[in-house]
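Colleague: To convert, count from 1 in the sequence shown and add 110; that's this note's numbering.
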Amino acid sequence: MAICGVVNSTLYPDILIPLSKARMVSPIGQAFSDTADGYIRGEGGGVIVLKTLKDARADGNKIWATIATGCNQDGRTMTPITAPSIQMQTELLQKVYEKNNVSPDLVQYIEAHAAGVAGIVKVLLMMKHGKTVRSLHFWRPKPKIDFPKYNMAVSIAVEDWPTLNDGTRMSCVNSFGFGGTNSHAIIKQFPVEDVQETDDDTKDKYIVFLSALDNGGLTNSLQHFINCLKDTYVDSSKSIAYTSSCRREPFKYRLAFVCESKEDLRQKAEVQLKTIESVRPAGLNPPNVVFVFCGTT
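(1) Excluding the 5 residues preceding and the 5 following Glu-370 in the sequence, name in chain order all residues of the same chain whose CB lies nearer than 6 Å to its CB.
(2) On the CB-based measure, 16 or more other CB atoms within 10 Å of its CB, does Trp-249 come out buried or exposed?
(3) From which residue to which residue does the beta strand (DSSP E) around Gly-154 run?
(4) Measuring straight from C-alpha to C-alpha, what distance separates Lys-241 and Asn-398?
(5) Just list the alpha helix (DSSP H) runs in the region 131–219, keeping only unbroken ones of 4 residues or longer that don't cross its boundaries, in chain order.
(6) What residues in its chain sit with their C-beta under 7 Å from that of Ala-392, if we drop five residues either side in the sequence?
(7) So what does Lys-241 bridge to, in DSSP terms?
(8) What is the DSSP secondary structure of Ala-351, reduced to helix, strand or coil?
(9) Taking Cβ positions, are Ile-317 and Ala-267 nearer each other than 8 Å?
(10) Could you check what DSSP says for Phe-257 in three-state terms: helix, strand or coil?
(11) Please report the Cβ distance between Gly-115 and Gly-155, rounded to the nearest whole angstrom; I am assuming they are in contact, meaning their Cβ atoms lie under 8 Å.
(12) Taking 8 Å as the threshold (C-beta atoms), are Ser-245 and Phe-142 in contact?
(13) Could you tell me whether the Cβ of Asp-374 comes closer than 8 Å to any Cβ of chain B?
(14) Between the C-alpha atoms of Arg-358 and Thr-145, what's the straight-line distance to the nearest angstrom?
(15) Please say whether Ala-178 and Ile-296 have beta carbons closer to each other than 8 Å?
(16) Residues in the same chain with beta-carbon distance under 7 Å from Ser-331, minus the five sequence neighbours each way, listed in chain order, please.
(17) Do Met-111 and Leu-160 have their C-beta atoms within less than 8 Å of each other?
(18) Quick check: the Cα distance between Ser-346 and Gly-277, rounded to an integer number of angstroms?
(19) Go ahead and pull the three-state DSSP assignment for Leu-332.
(20) In terms of residue numbering, what span does the beta strand (DSSP E) encompassing Ala-322 cover?
(21) Does DSSP put Gly-115 in a helix, in a strand, or in coil?
(22) Can the beta-carbon of Ile-113 be found closer than 8 Å to that of Ile-230?
(23) Within 10 Å of its beta-carbon, does Tyr-207 have 16 or more other beta-carbons around it, so buried, or fewer, so exposed?
(24) Measure the C-alpha to C-alpha separation of Asn-275 and Lys-340 and round it to an integer number of angstroms.
(25) Check Glu-221 in the structure and name its three-state DSSP category.
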């Protein structure tokens, strides 16, 4: 298993000053438009958990998608170093699709040059909801890009994302660094029927836990939990109970529900929300931290 995460925060102007002097940063933040005039820096963070498909199935994990990736570097071949190499980017794409025996014709959505993990998370969420979202700040297509020739179009509104013949969706994510590092990922949605359970599978009862650091946090968590239960994509009561009890760290302010179905759980949670101010913290002392490993050698 590998946990891959990244955070980008622009806390100081140091990086933006030379980029602005080089006229690389767009002052208007538009991409693909006829008025596009530079690249855009963003802030955010994301984490994804990677496992082999075999291990994920054996461990009973929720599988969002399968992923195939490739990477190369062309900074040494181009002058200046910020200039992209069409040859190296083309070779990368050909290698990734040929190696994984995937036809590029099956790719329905291209996340073009998004920031790595952010692009993957965006694609996974769109696959989950079956929708593609608008490309922000896009108005008129750039004339130098012949979109009709390549049968492509920039997403200008939230639209339904149709499935392939096997009931899944396929996308790709690009991340081309201006230092010459090119990476490409093929994202294939995992079949929902292979991983999703329903409450009709069993009539057993399950215990679902919620906890927070304080009463306000518990209130917010419970309200968010109720909203999630209204989503048809939420897993069965069994999966919710397992995640809440075995995959979450318990805090001092706690709630527990015994339920037979998601609807039963939602109703009990809504009743509890009305009296949540009466919840008192568990009488437990926090553990004493005796050593912190900072990660350096």
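For every residue, glycine included, the Cβ atom is placed at its ideal position computed from N, Cα and C.
Modeller: Working from what's here:
(1) As a first step, residue 370 is located in the sequence shown; it is residue number 260 there, counting from the start. For Glu-370, where only same-chain residues beyond five positions count, the Cβ hits under 6 Å are Lys-315.
(2) Translated into the one-based positions of the sequence shown, residue 249 becomes position 139. Of the residues assessed, Trp-249 falls on the exposed side of the cut-off, its CB having fewer than 16 other CB atoms within 10 angstroms.
(3) As a working note, residue 154 is residue 44 in the sequence shown. 154–160 is the extent of the beta strand (DSSP E) around Gly-154.
(4) As a working mapping, residue 241 is identified with position 131 in the sequence shown. As a working mapping, residue 398 is identified with position 288 in the sequence shown. Cα to Cα, Lys-241 sits roughly 47 Å from Asn-398.
(5) 163–168 and 196–209
(6) Within the sequence shown, numbered from 1, the residue matching residue 392 stands at position 282. Answer for Ala-392: Lys-362 and Arg-364, listed in chain order.
(7) In the sequence shown, the residue the question calls residue 241 occupies position 131. Its beta-bridge partners are Asp-270.
(8) For the purposes of this step, residue 351 is taken as the residue at position 241 of the sequence shown. Helix.
(9) Taking the sequence shown and counting its residues from 1, the one referred to as residue 317 is at position 207. Taking the sequence shown and counting its residues from 1, the one referred to as residue 267 is at position 157. Not a contact, by the Cβ cut-off of 8 Å.
(10) In the sequence shown, the residue the question calls residue 257 occupies position 147. Coil at Phe-257, not helix or strand.
(11) Stepping through the sequence shown from its first residue, residue 115 is reached at position 5. Stepping through the sequence shown from its first residue, residue 155 is reached at position 45. Right, their Cβ atoms sit about 7 Å apart.
(12) Locating residue 142 in the sequence shown gives position 32, counting from the first residue. Locating residue 245 in the sequence shown gives position 135, counting from the first residue. Yes, these two residues count as a Cβ contact at 8 Å.
(13) In the structure shown, chain B does not exist; there is a single protein chain.
(14) Counting from one through the sequence shown, the residue named residue 358 turns up at place 248. Counting from one through the sequence shown, the residue named residue 145 turns up at place 35. The straight-line gap from Cα to Cα measures roughly 47 Å.
(15) Position 186 of the sequence shown, counted from the first residue, corresponds to residue 296. Position 68 of the sequence shown, counted from the first residue, corresponds to residue 178. Yes, they are a contact pair.
(16) For the purposes of this step, residue 331 is identified with residue 221 of the sequence shown, where counting begins at 1. For Ser-331, where only same-chain residues beyond five positions count, the Cβ hits under 7 Å are Leu-320 and Ala-322.
(17) Counting from one through the sequence shown, the residue named residue 111 turns up at place 1. Counting from one through the sequence shown, the residue named residue 160 turns up at place 50. It is a contact, given that the beta carbons lie within the stated cut-off.
(18) Residue mapping note: residue 346 aligns to position 236 of the sequence shown, counting from 1. Residue mapping note: residue 277 aligns to position 167 of the sequence shown, counting from 1. Approximately 21 Å between the Cα atoms of the pair.
(19) Walking along the sequence shown from the start, residue 332 turns up at place 222. In the three-state reduction of the DSSP assignment, Leu-332 falls in the helix class.
(20) For this step, residue 322 is matched to residue 212 along the sequence shown. Element bounds for Ala-322: 316–322.
(21) Reading the sequence shown from its first residue, position 5 is the one you call residue 115. DSSP places Gly-115 in the strand class (E or B) of the three-state scheme.
(22) For this step, residue 113 is matched to residue 3 along the sequence shown. For this step, residue 230 is matched to residue 120 along the sequence shown. Contact flag unset, no.
(23) Here residue 207 refers to the residue found at position 97 of the sequence shown. Burial of Tyr-207 is indicated by the presence of at least 16 other C-beta atoms within 10 angstroms of its C-beta.
(24) Translated into positions along the sequence shown, residue 275 becomes position 165. Translated into positions along the sequence shown, residue 340 becomes position 230. In a straight line, the C-alpha of Asn-275 is about 28 Å away from that of Lys-340.
(25) Translated into the one-based positions of the sequence shown, residue 221 becomes position 111. Note: Glu-221 maps to strand in three-state DSSP.
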